[in-house]
Each structure stands twice: as C-alpha cells, then as structure tokens.
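Chemist:
In UniProt numbering, the protein residues as written are 1 to 139.
#1: Looking at C-beta atoms only, is the number of pairs between the segment 56-69 and the segment 124-133 that lie closer than 8 Å three or more?
#2: Quick check: what's the CA-CA separation for residue 99 versus residue 51?
#3: Output needed for residue 94: all residues of its chain with C-beta closer than 7 Å, excluding positions within five of it in sequence on either side, in chain order.
#4: By the three-class DSSP mapping on this structure, what secondary structure does residue 23 have?
#5: With DSSP collapsed to three states, give me the class of residue 87.
#6: Is residue 101 buried or exposed, if buried means 16 or more other CB atoms sit within 10 Å of its CB?
#7: Taking Cβ positions, are residue 36 and residue 21 nearer each other than 9 Å?
#8: By Cβ distance below 8 Å, which residues in the same chain neighbour residue 69 in space, the five residues on each side in sequence not counted?
#9: Using C-beta distances below 7 Å, list every residue in its chain close to residue 91, excluding the 5 sequence neighbours before and after it, in chain order.
#10: Comparing alpha-carbon positions, which option in 72, 12, 77 and 8 lies nearest residue 32?
#11: In angstroms, rounded to a whole number, what distance separates the CA positions of residue 29 and residue 74?
#12: For residue 63, which three-state DSSP category applies?
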C-alpha cells in the first residue's frame, strides 16, 4: 500500500509543477505519531555542486514544510500555541515569498519553461532562504 501511495503522490505532484513543493506526511491511527518528509528525497546533484563552491538554486520549500508540519504537530501535542503559530507563519512566508515573484530555478522553469529560464528569473538557494526570512519578519 505504501508503494501505491508513493506512485499516486508523484502523479499528484505533477500538478504542482515541482517536487520541491511537495511534502509527505504519514499519520499513525492514534494521531499521536507522525512522520513528515520532503517527497523529493535527497538532492545529491545540487549538493555536489555546492561542495564544488558553485551556486545552486535548490528549492527548500518541501524541506521547510516537512519541519513545520512536524513542529506544528509537536505544538498540538504539547499545547504550545507559539510553536503552532511559528510553523504556520513560516509556511505562509514561503507562499508569500513565491507569490511576490521570488523563487528558485525549478519554479521559474514552470513559468518560463526550463529552456528559457535566465538567472534574473530566480534566486540561488541562500538568497531565496533570506527572502523567506525577510517576508516572515514583516509579518
């Protein structure tokens, strides 16, 4: 059954245009135990470029959401409303940043077509993370 879910989720992900936006959350029947992860797995090719000192434009949104979903669940278990609010605010900051036109290369490819993407259409990984931070700080 897990394999079927993996296949179906990958098909659904195509509607989002990028696996960089897709998070997978597994919930136990008791509702107390969850596992949240970025659906894309590792980004070895980007990491190897980073190791060489080359700039990358890796989309961190799914990884951020994996953390925020886990933190929000922890907040619910502990009754920690500040942690829940932080998690929700960070997710909104991600969405608002992209909506403002600041995005990574994979998302720019969804707009302009991968062959037409130019450096001015996207941010590198660190600049994108900084843009999310700045958006969140304004909230």
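A virtual CB, placed ideally from N, CA and C, is assigned to each residue, including glycine.
Modeler: On the basis of the supplied data:
#1: Segments in contact, yes.
#2: In the chain shown, the residue the question calls residue 99 occupies position 99. In the chain shown, the residue the question calls residue 51 occupies position 51. C-alpha of residue 99 to C-alpha of residue 51: approximately 30 Å in a straight line.
#3: The count along the chain shown starts at 1 and reaches residue 94 at position 94. The beta carbon of residue 94 is closer than 7 Å to those of 61, 64 and 132 in its chain, skipping five residues each way along the sequence.
#4: Counted from its first residue, the chain shown places residue 23 at position 23. Looking at residue 23 - three-state DSSP - the assignment turns out to be strand.
#5: Taking the chain shown and counting its residues from 1, one reaches residue 87 at position 87. Of the three classes helix, strand and coil, the one that applies to residue 87 here is helix, per DSSP.
#6: Along the chain shown, read from residue 1 onward, the residue named residue 101 stands at position 101. With fewer than 16 other Cβ atoms within 10 Å, it is exposed.
#7: The residue given as residue 36 occupies position 36 in the chain shown. The residue given as residue 21 occupies position 21 in the chain shown. Residue 21 is positioned such that its CB atom lies no closer than 9 Å to that of residue 36.
#8: In the chain shown, the residue the question calls residue 69 occupies position 69. Counting only Cβ-Cβ distances below 8 Å, and skipping sequence neighbours, we find 23, 25, 34, 36 and 87.
#9: Position 91 of the chain shown, counted from the first residue, corresponds to residue 91. Correct list, in chain order: 65 and 68.
#10: Taking the first residue of the chain shown as 1, we reach residue 32 at position 32. Measuring from the Cα of residue 32, the nearest candidate turns out to be 77.
#11: Translated into positions along the chain shown, residue 29 becomes position 29. Translated into positions along the chain shown, residue 74 becomes position 74. So the two alpha carbons sit approximately 16 Å from each other.
#12: For the purposes of this step, residue 63 is taken as the residue at position 63 of the chain shown. When DSSP states are grouped into helix, strand and coil, residue 63 belongs to the helix group.
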